[in-house]
Amino acid sequence: MTETLRQRTDLITLHDVGFGYDRRPVLDGVTLRLRAGTFTGVVGPSGSGKTSLLRILLRTVHPQRGRVSIKPGLRVAYVPQLETVNWNFPVTVAECVLMSRSQGMRWPWASTSERVEAHETLDRLGIADLAGRHIRELSGGQQQRMFLARALLRRPELMLLDEPTSGVDVKTRHEVLHLLGELNEDGLSIVLTTHDLNGVAAHLPHLVALRTRVIAEGHPDEVIRTDILEATFGANMEVLAHAGMPIVVEGHHRHARPA
Amino acid sequence: MSSIWASFLEPFAYQFFVKGLLVATMAGLLCGLLGVYITLRGMSYIGHGLSHAVFGGFAASSVISFNYYLGAGIWGLASALAINRVSRSRRIGADAAIGVITTASFALGIALLSLYGNKGPSFDAALFGSIIGVADTDVWVVAGVTAFTLIVVLGRYRALLFSTFDPEVADVSGVRVARTDALLMLVLSLAILATLNIIGVTLVAATLVIPAVVARMLTDSFSRMLWISSIIGAAAGFIGMNLSYHLNVPSGTMIVLVDAAAFCLVLMVTGGRSLRGSARLDEHVDPLLVTPKPIPSRNAR
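Protein sequence lines correspond, in order, to chains A and B.
The first sequence begins at 0 in numbering that gives the first Met the number 0 and counts up by one.
The second sequence begins at 0 in numbering that gives the first Met the number 0 and counts up by one.
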């Protein structure tokens, strides 16, 4: 399939989707197309509906209004936030990665082909030598790579990541973004949520600004703009340009001055 | 030396003891195996709760002269599924769900007994476990439940592991988490029901939790934890039953004390290091419910 054709395929389409909890709308009138080969970042403040959007894409919840069209047989993988994982759980890196092969009745032990595939995936992500380690012994970047390996072992067409750089240092954030960029170049479609505008969102090829509804969508130059960010985050924000990249800074407070 | 050996072998001449020993060893293995899943899922007290819930079914079966195993089993399974359902609804935690459902069931059991009296088997044995109360049927029931549990754990090993480690991701990765949870609750209810006579309502929780905690202190591998916990549980059942006979103390009590001794021994040998593994043993956070950090804006008011 040529690059052009691959880009044209719609993986998931949301049309006028509405969703809420306890009659409180979380998503309202959301229309979105996720195409094959794209790399999309969803930005928005807490409670803007990012998590609910992920849940709808993962099909763990169903919208209360609107329509969701999913490409038949679409394989989706999910990478959770590092901060939500029980790192004391007694599993090694290899055991964790092989969890991807848990569907249906299987032998408890991994087959030779499963071991080879897991090793190749870990090797591709540069952590094959850590396969026997307990998951607690990994650094933040290595932990993220382990979950990427587990997701990749599902051979997904679309990978969804929930705040993949939350709670990691700058170096790890660069590593993760670089790695995701490589996977996207290899044809994997990616959607991630982030609250980090400068460190993550500005580096992605496509952004969706979400606040219950889609405020804006497009290239970072089209989304990381003062008016759109203020409408999305409800706060004063200024956008500066540096070396061809937008940089978001907080706007000035208007403090009451003593008379 | 020979007198000690003779004293050790003496109870083996009695059929009731051999049957009790068999049942206690299998019960220990069964509880040790299932305890790994229970403790890692943050449901350590489900054993305590379910045994009380089964007691409600026990009383209800007695009142209506219904088969004890069937009545209490159905009751226990219904309670287990209700606990699982309520705790997964996220609004109420597993601990609160266990507290509400099982104590209500236990209270209902007591109320039924007060109103209609006990027409069934001994409740003392059900509360504290009894070496004498083991019948041929009990041996076959425990053997059957143990075999069924081993088949479930072997056949659904990976699904059980994934849904215990991260149910949300397991669910979106093609694992039928709800079905796997229901299966685990089924074998747990059956295990509690089958072992109730030998271990007792009040002590089943300890035989589920202690071997698993000791195993976690000794290993960082899930598969090894299953082996170690099962072996400790079986050994505690065997040793506890022997001590129960020689010291004339209820069997459940001695089995739990042997489990507790194993915990103390491992703690002494490994020092505080081993506790690191069992700390936050059951910590689970719903990955899709964690509130993302807000943008640090001084202007956001």
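Beta carbons: idealized from backbone N, C-alpha and C, even for Gly.
- The C-beta of P62 of chain A has 16 or more other C-beta atoms within 10 Å across all chains shown, which makes the residue buried.
- Put simply, the backbone Cα of I73 of chain B is about 25 Å away from that of A158 of chain B.
- At a beta-carbon threshold of 7 Å, the residues of chain B lying near Q102 of chain A are G173 and V174, ordered along the chain.
- Chain B places a beta carbon closer than 9 Å to that of A76 of chain A, counting this residue as a contact.
- Sixteen is the threshold: since fewer than 16 other Cβ atoms of the shown chains lie within 10 Å of the Cβ of E184 of chain A, the residue is exposed.
- Annotation for M158 of chain A: the continuous beta strand (DSSP E) segment containing it runs L157 to D161.
- Within the region 114-128 of chain A, no residue has its Cβ closer than 7 Å to any Cβ of chain B.
- In the three-state reduction of the DSSP assignment, P89 of chain A falls in the coil class, being assigned neither a helical nor a strand state.
- According to the DSSP assignment, G65 of chain A belongs to the beta strand (DSSP E) that extends over R64 to I69.
- Cβ neighbours of A233 of chain B within its own chain (closer than 7 Å, five residues either side excluded): T24, G27, L28 and G31.
- For E94 of chain A, at least one C-beta of chain B is nearer than 9 Å to its own C-beta.
- Below the 7 Å Cβ cutoff, chain A contributes P107 as neighbours of Y156 of chain B, in chain order.
- DSSP lists A:E249 as the beta-bridge partner residues of M236 of chain A.
- Check the Cα spacing between L147 of chain A and each of A:V92, A:P44 and A:K170: the tightest is with A:V92.
- In terms of beta-carbon proximity, R84 of chain B stays away from the interface with chain A, with every pair separated by 9 Å or more.
- Judged by beta-carbon spacing, G28 of chain A lies within the 9 Å limit of V16 of chain A, meaning their Cβ atoms are closer than that value.
- Against chain B, a Cβ distance below 7 Å from V90 of chain A picks out F164 and F221.
- For F161 of chain B, the chain A residues whose Cβ falls inside 8 Å of its Cβ are M98 and S101, in order along the chain.
- Against chain A, the beta carbon of R215 of chain B has neighbours under 7 Å at P89, listed in chain order.
- With respect to the 9 Å criterion, V255 of chain B and I209 of chain B are classified as neighbours on the basis of their beta carbons.
- DSSP, reduced to helix, strand and coil, places L33 of chain A within a strand of the structure shown.
- A buried status is given to A58 of chain B, since no fewer than 16 other beta-carbon atoms sit within 10 Å of its beta-carbon.
- Each residue's CA atom was taken as its position, placing H241 of chain A and A230 of chain A some 23 Å apart.
- At least one CB atom of chain A sits nearer than 9 Å to the CB of M224 of chain B.
- Less than 9 Å divides the Cβ of L121 of chain A from the Cβ of A130 of chain A.
- The distance from the Cβ of T39 of chain A to that of H205 of chain A is about 5 Å, consistent with a contact at the 8 Å cut-off.
- Taking the beta carbon of L57 of chain A as reference, the chain B residues within 7 Å of it are V171, listed in sequence order.
- Residue ranges of uninterrupted alpha helix (DSSP H) with 4 or more members, entirely inside the region 121-174 of chain A and ordered along the chain, are 139-151.
- Restricting attention to A:E136, A:W86, A:N85 and A:A117, the CA atom closest to the CA of S99 of chain A is found in A:A117.
- Of all C-beta pairs linking the region 142-158 of chain A to the region 188-199 of chain A, three or more are shorter than 8 Å, placing the two stretches in contact.
- In this structure, the CA atom of V176 of chain B is about 41 Å from the CA atom of L242 of chain B.
- For V84 of chain A, a Cβ of chain B is located within less than 9 Å of the residue's own Cβ.
- Ranked by how close their Cα comes to the Cα of C95 of chain A, the residues B:A142, B:A169 and B:L182 have B:A169 in first place.
- Around T225 of chain A, the same chain offers M236, E237 and V238 as residues with beta carbons nearer than 8 Å, after the five sequence neighbours per side are excluded.
- Nearest C-alpha to V203 of chain B among B:S188, B:L217 and B:R215: B:S188.
- Excluding sequence positions up to five before and after I55 of chain A, its CB lies within less than 8 Å of the CB of L13, V16, F18, L26, H61, P62 and V67, all in the same chain and listed in chain order.
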